[in-house]
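Encoded as structure tokens, the structure appears first; notes follow it.
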Amino acid sequence: MTGPRYKRDTTTVRIPRQRHTWGRRQTPIVLVVPEQPTLGQRLAAALGRAAWKRRRAALPLLAAVAGFVAAAVVHAAAPWTWLPLAVGAAALPIWLAWVQRRRPSPDPRVRTWRYGLAAVVLTAGAWAAAAVAAGPTTGPLPLLWLALAIAIPLVRRSLRRSTATAPVHEPSDITQPVEKEYDS
Numbered sequence: 001m002t003g004p005r006y007k008r009d010t011t012t013v014r015i016p017r018q019r020h021t022w023g024r025r026q027t028p029i030v031l032v033v034p035e036q037p038t039l040g041q042r043l044a045a046a047l048g049r050a051a052w053k054r055r056r057a058a059l060p061l062l063a064a065v066a067g068f069v070a071a072a073v074v075h076a077a078a079p080w081t082w083l084p085l086a087v088g089a090a091a092l093p094i095w096l097a098w099v100q101r102r103r104p105s106p107d108p109r110v111r112t113w114r115y116g117l118a119a120v121v122l123t124a125g126a127w128a129a130a131a132v133a134a135g136p137t138t139g140p141l142p143l144l145w146l147a148l149a150i151a152i153p154l155v156r157r158s159l160r161r162s163t164a165t166a167p168v169h170e171p172s173d174i175t176q177p178v179e180k181e182y183d184s
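One point on numbering: in the UniProt record's numbering, the residue at position 167 of the sequence shown is 167, and numbering is uninterrupted.
Structural data, given as structure tokens:
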């Protein structure tokens, strides 16, 4: 930033002439001072900067709030859509398990992310299907939403920390050439 953080307007303050000039005519005193932002403007700017700086950390919470609102709208518009949501919520973890069986990864970070993603999608999808079917404020669904909204950032943080510090396992036979046989 090259300029000031706030757009500064100027305020002109005119000081009235003194009463006792003793016959001399004095020029009026004019002060031009920059206008300072109010406390509310400073607080709003500080909160905005802090939110912008930590916007990636707030993404799971914003996604949870958007999911709650979307579930309420879809429940009001088309409550029959709970069935495709339930199928989709079950299909992605099944697909991830199939991928793990077809292409098993020796890297523990990949397995951790696959299992974590499957758990998050299954629980969030099951909540979304139940919320669309019955309404997001029905019964224990708001408490389940709150538990998910708290748990998802914690799971994300623990996955990021565990995968960032995990050692990289490289194959030991990387120096030996691989010979392939072709059928002629």
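Cβ coordinates follow ideal geometry from the N, Cα and C atoms, glycine included.
In this text, all values refer to a predicted model and were calculated from it rather than measured experimentally.
- With respect to residue 127, residue 117 sits apart: the two C-beta atoms are not nearer than 9 Å.
- With a minimum length of 4 residues, the unbroken runs of alpha helix (DSSP H) contained wholly in the stretch 56 to 122 fall at 59 to 77 and 82 to 102.
- At the C-beta level, residue 60 and residue 160 stay beyond 9 Å of one another.
- Counting along the chain, residue 34 sits inside the beta strand (DSSP E) bounded by residues 29 to 34.
- Nearest to residue 144 by alpha-carbon distance, out of 158, 124, 132 and 154, is 124.
- Where residue 139 is concerned, there is no enclosing alpha helix (DSSP H), because DSSP gives it neither an H nor an E.
- At the C-beta level, residue 72 and residue 139 stay beyond 9 Å of one another.
- Closest option to residue 75, judged by alpha-carbon separation, among 132, 42, 149 and 64: 132.
- Cβ contact annotation for residue 121 (same chain, cutoff 7 Å, sequence separation greater than five): 89, 92 and 93, in chain order.
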